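In numbering that gives the first Met the number 0, the protein residues as written are 0 to 626.
Think of the CB as a built atom: it goes at the ideal place given N, C-alpha and C, for glycine as much as any other residue.
Being a predicted model, the structure only gives us computed values, none of them experimental.
A short write-up of the structure that comes next.
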Amino acid sequence: MAHQAIYRKWRPMVFDDVVGQTHITKTLKNQIMSDTVGHAYLFCGTRGTGKTTCAKILSRAVNCLNPHDGNPCNECDVCRGIIDGSIMDVTEIDAASNNGVENIRELRDDVNFVASMAKYRVYIIDEVHMLSNSAFNALLKTLEEPPENVIFILATTESHKVPQTILSRCQRFDFRLISPEDIIVRMKEIACGDGYNISDDAYRMLASLADGSLRDGLSIMERVISSCGNEVRAEDIVNTLGISTFDSVFELTDAIINEDPVTVLNIIDKALSDGRDLTQLANSMLAHFRALMICKLTAEPQQLLEYDAQTLVKIKAQSERVSFEKINHASTLITAAQSDAKTAKSARLIYELAFLKLTKPEIDRSPEAVMDRLTTVEMKLANGVPSAAPVQSSDNRELISRITAIENAIKNGIQPQAAREEKPVKAEKKKISHRLYSPIPESELNYNYPTAVLARNWSNTIETMKRMNNPYVFPLGNCVTTFDSEGIIVLVPDERYAFTQKTAVNHLKEIREAFRQVTGSDYTIKIARRSDLDDSLILNPYTLPQTGDMPEEHTAEKAEEQPQDGDLFNKFIEKFSGIITDADREIKSFDENMERGTQSSFEDAEEDEYESEEFLEQNELPSDEDD
0 MAHQAIYRKW RPMVFDDVVG QTHITKTLKN QIMSDTVGHA YLFCGTRGTG KTTCAKILSR
60 AVNCLNPHDG NPCNECDVCR GIIDGSIMDV TEIDAASNNG VENIRELRDD VNFVASMAKY
120 RVYIIDEVHM LSNSAFNALL KTLEEPPENV IFILATTESH KVPQTILSRC QRFDFRLISP
180 EDIIVRMKEI ACGDGYNISD DAYRMLASLA DGSLRDGLSI MERVISSCGN EVRAEDIVNT
240 LGISTFDSVF ELTDAIINED PVTVLNIIDK ALSDGRDLTQ LANSMLAHFR ALMICKLTAE
300 PQQLLEYDAQ TLVKIKAQSE RVSFEKINHA STLITAAQSD AKTAKSARLI YELAFLKLTK
360 PEIDRSPEAV MDRLTTVEMK LANGVPSAAP VQSSDNRELI SRITAIENAI KNGIQPQAAR
420 EEKPVKAEKK KISHRLYSPI PESELNYNYP TAVLARNWSN TIETMKRMNN PYVFPLGNCV
480 TTFDSEGIIV LVPDERYAFT QKTAVNHLKE IREAFRQVTG SDYTIKIARR SDLDDSLILN
540 PYTLPQTGDM PEEHTAEKAE EQPQDGDLFN KFIEKFSGII TDADREIKSF DENMERGTQS
600 SFEDAEEDEY ESEEFLEQNE LPSDEDD
């Protein structure tokens with residue numbers, strides 16, 4: 000007969016043999032005895048906790064001809080046929096390899112057949128979370144209302160991946176991690192049955208390595224037995240699996256507490272020379288720091304830790320020399336090193352740096368390292384720092400003040416060093432063409448400057464054009480007006496520049512006539528974009544220093560009339576909302592053409608980006624002498 004793995008050979012055959020899941024086995028036995036077995040079950044839990052084992056026992060118990068207190072007899076024809084596979088009424092399906100909707104459709108068709116020899120047809124679907132969404136949907140109706148002779152048992156290690164629609168149709172049982180005591184008891188039963196001689200410290204080590212999974216513990220035990228024979232000691236487990244001994248873990252922890260980096264490097268080198276795995280060493284150190292933390296917190300750590308009395312005494316003594324901050328710092332560094340070592344070419348260097356940072360926290364700038372250093376200083380002060388010369392009280396005060404400053408900085412959050420402020424680079428002023436703006440000497444600029452007088456009359460010019468019912472009054476009215484030594488500059492908002500420029504070119508004569516009627520002058524009128532002139536160059540003709548004739552109150556009143564971007568437009572709409580000019584219709588036509596994508600009479604003006612020199616040559620409004 001071929002060799003059979005220990006965990007398969009010693010798989011429980013009745014509910015009473017299942018280890019650590021009494022809350023589940025008791026419920027299932029009661030259902031079988033009271034004949035209230037459900038049609039669908041969902042067994043959830045981590046690997047090796049008994050999900051498939053309980054599913055197989057349940058499949059026999061519901062069909063057993065001579066059940067005993069809810070357990071199958073395993074001797075009747077039905078039980079023996081299910082065990083050896085000769086009865087096909089119990090079907091096991093691996094959802095990891097049969098996860099398609101076609102597989103579930105075959106199962107859905109198969110459930111309609113009556114059981115051949117047993118009372119129930121039982122379908123055990125292992126790793127059910129691997130089914131596709133379509134497969135789950137195909138299973139829903141059958142799972143909710145299966146034929147009377149069908150029972151579904153679903154097993155999964157990841158219940159969160161099972162849809163709620165499936166969960167709501169099943170009786171859910173959650174399998175717990177098996178305690179180390181239960182694992183040790185079961186291992187002793189198996190070792191006694193097979194004639195193995197295993198020491199108590201080896202049992203504890205195997206139970207610790209099992210991590211709540213009895214199957215994992217039995218697999219590790221079988222591996223060690225295959226290597227060492229029937230006699231197994233803790234040293235054999237260490238040598239076979241390449242894990243670190245308690246002695247090496249204690250030595251490494253002592254080196255970290257004593258801030259001895261050379262000893263740390265020597266311990267790591269020896270571990271590698273002995274064939275130890277650094278990942279296992281890191282796991283052992285994390286488990287050891289957890290034990291140190293528990294010993295610092297509880298008076299009876301044996302309730303949470305699975306160590307012998309002698310080891311617990313050593314851990315308790317070591318925990319008194321280490322701080323919580325050191326434990327936190329160590330767990331952070333070791334966990335990060337484990338993650339980095341997976342992709343690093345030199346895992347040894349990653350782990351060595353992590354442990355060296357624990358011995359020299361000053362080379363680590365993380366908050367955990369700073370707290371570690373601070374706590375170390377406080378512990379030394381509390382226990383007394385040995386030194387050749389006595390410590391002066393002033394030195395103590397300075398040290399305490401520095402510690403307090405560090406502690407406050409950590410509580411308030413460590414701020415990065417302020418970056419050196421760079422002097423802002425002054426933006427170069429935009430070069431303005433002489434034809435766009437001809438500056439006025441400051442000595443000559445006053446309230447009565449000729450072009451300033453003309454600029455104050457621009458609003459009157461707009462009113463005159465309005466009375467003439469000219470269509471160009473609308474685009475020209477909503478503009479900021481300034482002046483230079485040559486004449487008036489009308490600044491048009493950038494978004495309406497193309498349309499306003501086109502309108503002004505088409506109505507030069509009307510604009511000159513209205514301006515002449517108001518001012519009696521033929522000074523130049525320039526049209527430019529609002530962004531072409533800096534704010535510092537825009538002059539308000541109403542706020543200039545006076546040389547004479549105009550009262551101050553009249554000046555202030557006129558100053559308020561200087562339009563800003565958009566102000567004159569709103570006033571104009573309010574005052575002349577009833578007048579529809581040809582310009583309104585032309586604007587509407589222009590907007591409609593833009594929406595249809597057709598070319599308008601103003602489109603060519605929008606496409607060009609004029610430089611100041613080019614724009615003034617084309618759009619500067621000449622006087623009559625130029626005609």
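| query | result |
| --- | --- |
| Is V18 closer than 8 angstroms to L205 when the C-beta atoms are compared? | no |
| Is the region 134 to 148 close to the region 15 to 34, with three or more CB pairs under 8 angstroms? | no |
| Determine the burial state of V77: buried for a count of at least 16 other Cβ atoms within 10 Å of its Cβ, exposed for fewer. | buried |
| Pull up the distance between the alpha-carbon of R511 and that of R466, whole angstroms please. | 15 angstroms |
| Please return the same chain residues whose Cβ sits closer than 7 angstroms to the Cβ of D371, not counting the five positions on each side in sequence. | E324, K325, H328 and P360 |
| Quick one: Cα of P309 to Cα of F245, how far? | Reading off the sequence, residue 309 comes out as Gln, not Pro. About 12 angstroms. |
| For the candidate residues L208, A114, W457 and Y541, whose alpha-carbon lies nearest to that of T90? | A114 |
| Would you mind sorting L615 into buried or exposed? The rule is 16 or more other CB atoms within 10 Å of its CB. | The pLDDT assigned to L615 is 44, lower than 50, so where the model puts this residue is not dependable; a value taken from the coordinates is nonetheless given after this. That one is buried. |
| If I follow the unbroken alpha helix (DSSP H) through F135, where does it start and stop? | N132 to E143 |
| With a threshold of 8 angstroms on Cβ separation, who are the neighbours of P300 within its own chain once the five nearest residues in sequence on each side are excluded? | A290, I293, C294, L311, I314 and K315 |
| Could you have a look at H287 and say whether DSSP puts it in helix, strand or coil? | helix |
| Starting from I92, follow its DSSP beta bridges and name the residues at the other end. | I124 |
| To the nearest whole angstrom, what separates the beta carbons of L536 and L444, a pair I think is in contact under 8 angstroms? | Actually they do not touch by this definition, with Cβ atoms about 12 angstroms apart. |
| Which class does E230 belong to by DSSP, given the choice of helix, strand or coil? | strand |
| Quick check on DSSP: helix, strand or coil for N111? | coil |
| When DSSP labels each residue in this structure, what does V13 get in the three-state scheme? | coil |
| Restricting to Cα atoms, I'd like to know which of T480, V452 and I524 is closest to Q545. | V452 |
| If we ignore side chains and look at the alpha-carbon of each, how far apart do I461 and V479 end up? | 13 angstroms |
| Rounding to the nearest angstrom, what Cα-Cα distance links T518 and N456 in this structure? | 7 angstroms |
| Apart from the five residues on each side of it in sequence, which residues of its chain come closer than 6 angstroms, Cβ to Cβ, to E552? | Interpretation of E552 is limited by its pLDDT of 42, a score under 50 that renders its predicted location unreliable; no figure is taken from the coordinates. |
| Comparing alpha-carbon positions, which option in D173, S167, I92 and H22 lies nearest V127? | I92 |
| Compare the C-alpha of I255 against each of N196, M220 and S322 and name the closest. | S322 |
| Contact check, S58 vs V100 under 8 angstroms by CB: the rounded distance? | With a Cβ gap of about 25 angstroms, S58 and V100 do not count as contacting. |
| Taking the DSSP output, what are the residues bridged to V479? | L490 |
| To the nearest angstrom, report how far apart C72 and A233 are at their CA atoms. | 39 angstroms |
| For S484, which of Y448, A513 and R495 has the nearest alpha-carbon? | Y448 |
| Could you give the distance in angstroms between the alpha-carbon of M129 and the alpha-carbon of I152? | 15 angstroms |
| Does DSSP put H22 in a helix, a strand or coil? | helix |
| Can you tell me where the beta strand (DSSP E) with I150 in it begins and where it stops? | V149 to T155 |
| Buried or exposed: which applies to C63, given that a residue is buried once 16 or more other Cβ atoms fall within 10 Å of its Cβ? | buried |
| Starting from L208, trace the alpha helix (DSSP H) in both directions and tell me its first and last residue. | D199 to A209 |
| Bridge partners for Q170 per DSSP, in chain order? | Y40 |
| What number of angstroms, rounded off, separates the C-alpha of M593 from the C-alpha of A527? | Bear in mind that a pLDDT of 43 at M593, under 50, signals an unreliable position, so the number given afterwards is only what the model happens to contain. The alpha-carbon atoms of M593 and A527 are separated by roughly 23 angstroms. |
| Specify the secondary structure class of N196 as computed by DSSP and reduced to three states. | strand |
| Could you compute how far the alpha carbon of A137 sits from the alpha carbon of C75? | 36 angstroms |
| Can you give me the C-alpha to C-alpha distance between A346 and S318, rounded to a whole angstrom? | 29 angstroms |
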